[in-house]
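Here's the structure we're looking at; comments come further down.
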Amino acid sequence: MPIHEIRHPLIRHKLGLMRKADLSTKNFREMSQEVAALLTYEATKDLPLEPTVVQGWCGHINVEKIAGKKVTVVPILRAGIGMLDGVLTLIPGAKVSAVGIARNEETLQAQTYLERLADSLDQRLALIVDPMLATGGSMVATIDMLKKAGANNIRALVLVAAPEGIKAVETQHPDVHIYTASIDSHLNDDGYIIPGLGDAGDRIFGTR
Ligand code: URA
8 MPIHEIRHPL IRHKLGLMRK ADLSTKNFRE MSQEVAALLT YEATKDLPLE
58 PTVVQGWCGH INVEKIAGKK VTVVPILRAG IGMLDGVLTL IPGAKVSAVG
108 IARNEETLQA QTYLERLADS LDQRLALIVD PMLATGGSMV ATIDMLKKAG
158 ANNIRALVLV AAPEGIKAVE TQHPDVHIYT ASIDSHLNDD GYIIPGLGDA
208 GDRIFGTR
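Under the numbering used here, the letters of the sequence shown match residues 8 to 215, in that order.
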């Protein structure tokens, strides 16, 4: 199944707090990063390892390290920035590929305004971060862009996913696994996830 709803107690608890409308910007921002880190832990469970030898306190020790070119984190601006540090906490050496996709509020269509991608995308796991998978338009456009640039190992981390967005990604990119803290009920007529979190970008940045 390309959709993974991670029902870890820490995630359930933090997401429950994030749903409170009166949660402060500071707390919402911190919890976005914390849940992102917990999703990262799950989404990287099968990263390939290779053996290596280190000089330990009692001589040479056989250990393991992550194989290959490793990871690029792909925050979809603006709200994806709110999950970036959470991923980097666990994968500090990851390259960051910034993607700017704005949703046209009338048509709800995705429009690209920034594309600054890491090199050697064909050798990296790309972890896209965006708090809300709503219609899926931004996510599908980002995956299209990454694949065009050579990426072939892509996963998406989202705090909350709507069935409509999951379906859009699954239909157009069935190879992309989605990791989320919650699959919510539906989208309302304005394109917001119900019950959702409201406007995640505004809540992370403290804007209205
Ligand atoms: N973007 C958000 O920030 N919230 C939603 O519910 C949908 C899209």
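All residues carry an ideal CB built from backbone N, CA and C; glycine is no exception.
Residue i, DSSP secondary structure in three states
i: L204; result: coil
i: R110; result: strand
i: Q116; result: coil
i: N34; result: helix
i: A199; result: Residue 199 is actually Tyr in this sequence, not Ala. Correct three-state label for Y199: coil.
i: I216; result: What is shown of the chain runs 8 to 215, which leaves residue 216 out entirely.
i: V94; result: helix
i: I173; result: helix
i: A148; result: helix
i: A158; result: coil
i: L153; result: helix
Pair within 9 Å by beta-carbon distance, residue i and residue j
i: V70; j: T79; result: no
i: L22; j: V167; result: yes
i: A204; j: M139; result: Before going on, a small fix: residue 204 reads as Leu here, not Ala. In contact: L204 and M139 (Cβ atoms closer than 9 Å).
i: M146; j: I83; result: yes
i: A101; j: L134; result: yes
i: K72; j: S127; result: no
i: I10; j: I173; result: yes
i: E49; j: I13; result: yes
i: I88; j: A148; result: no
i: L132; j: L54; result: yes
Sheet register partners of residue i (DSSP bridge)
i: M25; result: Answer is none; M25 lacks a bridge partner.
i: G63; result: G66
i: H11; result: Y186
i: H193; result: I201
i: V103; result: V80
i: I73; result: L56
i: V136; result: P82, L164
Beta carbon proximity, residue i to chain D, threshold 9 Å
i: G66; result: Protein chain content of the structure displayed is limited to a single chain, and chain D is not contained in it.
8 Å contact criterion, which residue i and residue j should meet: CB distance rounded
i: I150; j: V165; result: That pair is no contact at about 13 Å.
i: G143; j: A175; result: 3 Å
i: R36; j: G208; result: Contact doesn't hold; Cβ gap of about 11 Å is too wide.
Check: residue i C-beta below 8 Å from any heavy atom of the ligand SAM
i: G87; result: Ligands displayed in this structure: the ligand URA; the ligand SAM is not among them.
Any heavy atom of the ligand URA within less than 5 Å of residue CB: hits in chain order: M139, A141, Y199, I200, G203, D206, A207
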